[in-house]
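Chains as they are written, first to last, in my numbering: chain Z, 14 to 148; chain F, 684 to 841; chain R, 75 to 376. Note that CB positions come from ideal geometry on N, CA and C, so glycine has one too. Data first, discussion second: the structure below is written as structure tokens.
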Amino acid sequence: MQVPILKQGLFLIATIQSALSDADLMQLRDAIVEQVGKRRSRGVIIDVTALDVMDSFATRTLRDISQMIRLRGAETVIVGIQPEVALALVQLGLNLADVDTALDLEEGLAFLGQKIKSFGHRAPNAGREMGTRER
Amino acid sequence: MSDEHQRSGRKLDSAEPSIEKTAKVVKESRILIQSDLDIVEARQQGRMMASQLGFTSSELTLVATAISELARNIVAYASRGEIALKLVNHSEKQGIVVVASDEGPGIRDVSLALQDGYSTSRSLGMGLPGVRRLMDEFEIETTLGQGTKVTVKKWTNG
Amino acid sequence: MAKLAEPPARTPQPLEPTAELLRELVAHLRQNRTQLREEWARRITEAKLLTAMSKDEIFAEATAVYDNYVEALESGTFEALQAYARNLSERIIPRGVETHEVIGIVLLLRDVLARSLFAKYQTDFALLNRILDAYEPAANRIANTVAVGFVQERERVIREQQEAIRILSTPVLQVRERLLILPIIGVIDPQRARQLTEQLLRGIRANRAKVVVIDITGVPVMDATVANHLVQTVEAARLLGATVIITGLSPEIAQTLVTIGVDLGKMNTVGDLQGGIEEAERALGYKIVLMSEAGTPPPSPA
Chain Z
14 MQVPILKQGL FLIATIQSAL SDADLMQLRD AIVEQVGKRR SRGVIIDVTA
64 LDVMDSFATR TLRDISQMIR LRGAETVIVG IQPEVALALV QLGLNLADVD
114 TALDLEEGLA FLGQKIKSFG HRAPNAGREM GTRER
Chain F
684 MSDEHQRSGR KLDSAEPSIE KTAKVVKESR ILIQSDLDIV EARQQGRMMA
734 SQLGFTSSEL TLVATAISEL ARNIVAYASR GEIALKLVNH SEKQGIVVVA
784 SDEGPGIRDV SLALQDGYST SRSLGMGLPG VRRLMDEFEI ETTLGQGTKV
834 TVKKWTNG
Chain R
75 MAKLAEPPAR TPQPLEPTAE LLRELVAHLR QNRTQLREEW ARRITEAKLL
125 TAMSKDEIFA EATAVYDNYV EALESGTFEA LQAYARNLSE RIIPRGVETH
175 EVIGIVLLLR DVLARSLFAK YQTDFALLNR ILDAYEPAAN RIANTVAVGF
225 VQERERVIRE QQEAIRILST PVLQVRERLL ILPIIGVIDP QRARQLTEQL
275 LRGIRANRAK VVVIDITGVP VMDATVANHL VQTVEAARLL GATVIITGLS
325 PEIAQTLVTI GVDLGKMNTV GDLQGGIEEA ERALGYKIVL MSEAGTPPPS
375 PA
């Protein structure tokens, strides 16, 4: 099952659509890492709104993605974690402490935009690019 | 029946409904666990069955997550096993019983595995303490060289 | 009437087997259905039971109960009766029918039927005794089934009502945009803690809150389990992109948190609610300033 990865300005948006098998998750990881390199993206948003369960493997993979992306000079933010999934995660004792999260796509974009500026990596026209919504 | 399918994990006993005379309720189900695809199947089946009782949707997610972890352990440590799901529907209590069993190597030191923060090659060990937190009851039997059986239960209304 | 085949005797009887007695009994109840049912409805009204229902309604329900009753006697199985009892309870509880009324009418039916048996077999005392031997255990089981069914349904309704009250009594307030306040008052048990967390997380999502102030000034004491829930709430809120500020933390509760291994330094705590709100506004204001500092306004929500 392919997860679509869209480019929006400096960022990539990967929207997970339904339950992913382990193999799919690993495929996603590789695809994102590759795309970040190819498109020279500064950030990745992974939208997990459709995930009804996030277990230890999903959590680990998201952390791996975040670390691997960082090695390529980009930031990751996970958005759309459902309230119940969040509850299960913390009760399970899983650790997403080193991964940034935001409520939804809009917040995720705002977050990434801010984070990049605070690093001083200001690409020209970054602000204006954020304002457009290319599809 | 299912002979060789590259992906395994088809249900052993198809979940035949209507053990109850009145409603069409799926009360029992067994899922063969052999690959990561079976993990998803097991937890979706668990969610579906539990939803037939009075669980809140948060509780359903806890059940599905626990099943996912247990199935994952089977794949990781024993390569092959089974998740058996059973509904309990008495007048005094309702709930779901999940039995994860395998014929894998067994767990050498159970008390260690049940300790929070214990890790093996996986960063979170077997996640058993977490599974115990998600469910209401937790039991484990294991014999080195023979296999492991984890039984967890969740009841409605706490 | 067709000759009945000899049934397997359930218990050894000197004369007729119980099954055959029951059959005779059931036949009698069916034959006299009309007048027995009327007698029963009359006695219900006399005893001033089911006053919440009209005469027609009582009669209709009486008919259904009577038929289910005889059915249960005949078949010896009680599932259909159980299902009917639950169904009946669901309908009459909102009408205000009480437990003593339900038990009362079932016992009245038992009496009415027993009396009619006395009348029929009064000339043969020995036979009357055997009939009653067959009748009584079944009749008692029926009374029990119906009463228990009603009580359970009532308990379920009460539980639901309590849930609703609990939820209403702890509102999650939105006072500023993107800021939620959750004032908690009273002792929290683990179940209430769970509910609060779920409510809060849903509130964060619905209001798109970025900061939550949880005020526990009104919480006198907290055990380790509930303290754990609080910590989990903070972590779960973060996964939804919200920061949590805890206000009103008493020294005792702070101690509990430390005991369960919480690093208070990592937790965002402020003395009182007012201070917490100010801190939250600062946090929100600060973020807004930072964004417009970049020289470009953030994109307006679609």
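For residue i, name the three-state secondary structure that DSSP assigns.
i	result
residue 772(F)	strand
residue 147(Z)	Its pLDDT being 39, under 50, residue 147(Z) is placed unreliably in this model, and the value from its coordinates should be taken loosely. The answer is coil: DSSP assigns residue 147(Z) none of H, G, I, E or B.
residue 192(R)	helix
residue 740(F)	helix
residue 710(F)	coil
residue 804(F)	In this prediction, residue 804(F) scores a pLDDT of 33, lower than 50, which makes its location untrustworthy; the coordinate-derived value is nonetheless stated afterwards. Coil, per DSSP.
residue 790(F)	coil
residue 778(F)	strand
residue 831(F)	strand
residue 716(F)	strand
residue 271(R)	helix
residue 784(F)	strand
residue 103(R)	helix
residue 764(F)	strand
residue 748(F)	helix
residue 826(F)	strand
residue 836(F)	strand
residue 731(F)	helix
Do residue i and residue j have their CB atoms nearer than 7 Å?
i	j	result
residue 155(R)	residue 92(R)	no
residue 782(F)	residue 767(F)	yes
residue 327(R)	residue 343(R)	no
residue 152(R)	residue 146(R)	yes
residue 16(Z)	residue 27(Z)	yes
residue 249(R)	residue 277(R)	no
residue 25(R)	residue 252(R)	Because chain R is modelled from 75 through 376, residue 25(R) falls outside the range shown and cannot be assessed.
residue 713(F)	residue 765(F)	yes
residue 755(F)	residue 779(F)	no
residue 223(R)	residue 149(R)	no
residue 72(Z)	residue 118(Z)	no
residue 752(F)	residue 37(Z)	no
residue 777(F)	residue 839(F)	yes
residue 256(R)	residue 288(R)	yes
residue 354(R)	residue 293(R)	no
residue 188(R)	residue 95(R)	no
residue 729(F)	residue 757(F)	no
residue 127(Z)	residue 816(F)	no
residue 820(F)	residue 832(F)	no
residue 61(Z)	residue 94(Z)	yes
residue 46(Z)	residue 81(Z)	yes
residue 58(Z)	residue 92(Z)	yes
Among the options, which residue has its Cα nearest to the Cα of residue i?
i	options	result
residue 109(R)	207(R), 133(R) and 177(R)	133(R)
residue 205(R)	297(R), 255(R) and 99(R)	99(R)
residue 79(Z)	55(Z), 90(Z) and 69(Z)	90(Z)
residue 53(Z)	115(Z), 22(Z) and 124(Z)	22(Z)
residue 818(F)	830(F), 775(F), 764(F) and 733(F)	733(F)
residue 212(R)	196(R), 181(R), 227(R) and 197(R)	181(R)
residue 105(R)	194(R), 128(R) and 185(R)	194(R)
residue 333(R)	274(R), 296(R) and 322(R)	296(R)
residue 87(Z)	48(Z), 56(Z), 70(Z) and 110(Z)	56(Z)
residue 227(R)	173(R), 203(R) and 121(R)	173(R)
residue 282(R)	128(Z), 121(Z) and 132(Z)	121(Z)
residue 63(Z)	20(Z), 110(Z), 129(Z) and 96(Z)	96(Z)
residue 111(R)	139(R), 265(R), 324(R) and 254(R)	139(R)
residue 788(F)	770(F), 726(F), 828(F) and 822(F)	828(F)
residue 738(F)	719(F), 826(F) and 770(F)	770(F)
residue 254(R)	316(R), 170(R) and 184(R)	316(R)
residue 85(Z)	35(Z), 34(Z) and 43(Z)	43(Z)
residue 735(F)	744(F), 794(F), 720(F) and 710(F)	710(F)
residue 35(Z)	759(F), 792(F), 809(F) and 837(F)	759(F)
residue 137(R)	114(R), 258(R) and 120(R)	114(R)
residue 101(R)	340(R), 144(R), 234(R) and 329(R)	144(R)
If you measure from the CB of residue i, is any heavy atom of the ligand MG nearer than 6 Å?
i	result
residue 708(F)	By its list of ligands, the structure shown contains no ligand whatsoever, and the ligand MG lies outside what it can speak to.
Counting pairs of beta carbons, one from the segment 297 to 316 of chain R and one from the segment 83 to 101 of chain Z, are three or more of them closer than 8 Å?
In the pairwise beta carbon analysis, the segment 297 to 316 of chain R is classified as touching the segment 83 to 101 of chain Z: at least three pairs are separated by under 8 Å.
Would you mind listing the alpha helix (DSSP H) stretches within the segment 274 to 351 of chain R that are 4+ residues and don't spill past its ends, in chain order?
Entirely contained in the segment 274 to 351 of chain R, the alpha helix (DSSP H) runs reaching 4 residues are, in chain order, 298 to 313 and 325 to 333.
In the segment 196 to 267 of chain R, which residue ranges form an unbroken beta strand (DSSP E) of at least 3 residues, counting only runs that do not cross its ends?
Within the segment 196 to 267 of chain R, the complete beta strand (DSSP E) runs of at least 3 residues are 247 to 250 and 253 to 259.
Suppose only complete runs of 4+ residues qualify. What are the alpha helix (DSSP H) ranges in the segment 136 to 183 of chain R, listed by chain order?
Segments of the alpha helix (DSSP H) lying fully in the segment 136 to 183 of chain R: 153 to 166.
In the segment 76 to 140 of chain Z, which residue ranges form an unbroken beta strand (DSSP E) of at least 3 residues, counting only runs that do not cross its ends?
As far as the segment 76 to 140 of chain Z is concerned, its whole beta strand (DSSP E) runs of at least 3 residues are 88 to 92 and 113 to 115.
Quick one: which residues of the segment 729 to 746 of chain F get their C-beta closer than 7 Å to a C-beta of chain C? List them in chain order.
Within the model displayed, chain C is absent; protein chains Z, F and R are what it includes.
Does the segment 346 to 355 of chain R touch the segment 309 to 316 of chain R, meaning 3 or more C-beta pairs lie closer than 8 Å?
Counting C-beta pairs closer than 8 Å gives fewer than three between the segment 309 to 316 of chain R and the segment 346 to 355 of chain R, which falls short of the contact rule.
In chain order, each beta strand (DSSP E) run of at least 3 residues that lies wholly inside the segment 16 to 73 of chain Z
List check, beta strand (DSSP E) in window: 18 to 21, 24 to 28 and 56 to 60.
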